[in-house]
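Visitor: Have a look at this one.
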Amino acid sequence: MLNLINITKSYPRKGLFGRGGEPARVVDDVSFSLQGGRTFGLIGESGSGKSTLARIALRLVDPTSGTVLYRGEDITGHAPSRLMAFRREVQPVFQSASGALDPRMRVAALLEQPLVIAGGMARSEREDRVAAALRAVELPADFTTRLPRTLSGGQRQRIGIARALITEPKVLILDEPVSALDVSVQAQILNLLKDIQQARGLSYLFIGHDLAVARFMCDEIAVLERGRLVERGPADQIVGSPDNAYTKGLLEASRWSDHRG
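Going by the working numbering, the letters in the sequence shown line up with residues 16 to 276, in that order.
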């Protein structure tokens, strides 16, 4: 479904006295593939480059070098006008639904907005899509009149997921989708995502820092350290018997977090 090949991303930075310094490379020659109906995890600490890779995969950021393929088509250099079908089929779910949802808009308008932007759909069909999206995330129909501030964190994240589903995508890019939620709510959202994937045959690119969560969600995991891929393999293998010292450190951090929780 999605292939990132030899991706690098560098940003300019100022040197001494404001002079041009050596560019900061935040992603360094990373390649991976997302298969249909599967979940691929990019796992690392803050600053590892995983969210930058997510933005590159979404074509929100251009790579400094490398290639992005979607269903075999090179979309790396496509102008926004050529990405409309891609944008419908590849949708993000962000870490904080509060920041992704306009607080002035009611749920019905929030969910309908991507369909209005795409155009070509009757109002009655848009309303049917909204109702179906709410059912998919297990929220009642009367939530259409609610404002985001009246919802709990878990309910807002469900609305964020429903908004991603409204265009009937084939791929969801999940950028730390539960890290902003209470521990008691995280399992509910993760189970919901797995149920949706099974029902719709979706592919997930899962971005996170917790290997225990990644093992539950992912078929395959790639571990990133300072922009470089340091270990990759089946989820059970990476979590059960990691080879890399950095991966082992992430695993210990996950176990400590579970113990504290």
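Built from N, CA and C at the ideal position, the CB exists for glycine as well.
#1: According to the neighbour-count rule (16 or more other Cβ atoms, all chains shown, within 10 Å of its Cβ), is Arg28 buried or exposed?
#2: Beta carbon of Ala195, beta carbon of Gly216: below 8 Å?
#3: So what does Phe231 bridge to, in DSSP terms?
#4: Over what stretch of residues does the beta strand (DSSP E) that includes Phe101 continue unbroken?
#5: In the structure shown, what three-state DSSP assignment does Ser80 receive?
#6: What's the gap between the Cα of Cys233 and the Cα of Phe55?
#7: Assuming Thr82 contacts Asn21 under a Cβ cut-off of 8 Å, what Cβ separation, rounded to an integer in Å, is found between them?
#8: In this structure, how does DSSP classify Asn206 when only helix, strand and coil are distinguished?
#9: So for Val45, helix, strand or coil by DSSP?
#10: Please name the residue, chosen from Ser96, Ser111, Gly242, Ala112, that lies closest to Ala133 on a Cα-to-Cα basis.
#11: Could you tell me the alpha carbon to alpha carbon distance between Glu240 and Gly135, rounded to whole angstroms?
Guide: In brief:
#1: exposed
#2: no
#3: Bridge partners of Phe231: none, in fact.
#4: First-last for Phe101: 99–104, but that is the alpha helix (DSSP H), not the beta strand (DSSP E).
#5: strand
#6: 6 Å
#7: 7 Å
#8: helix
#9: strand
#10: For Ala133, the nearest C-alpha among the options comes from Ser96.
#11: 44 Å
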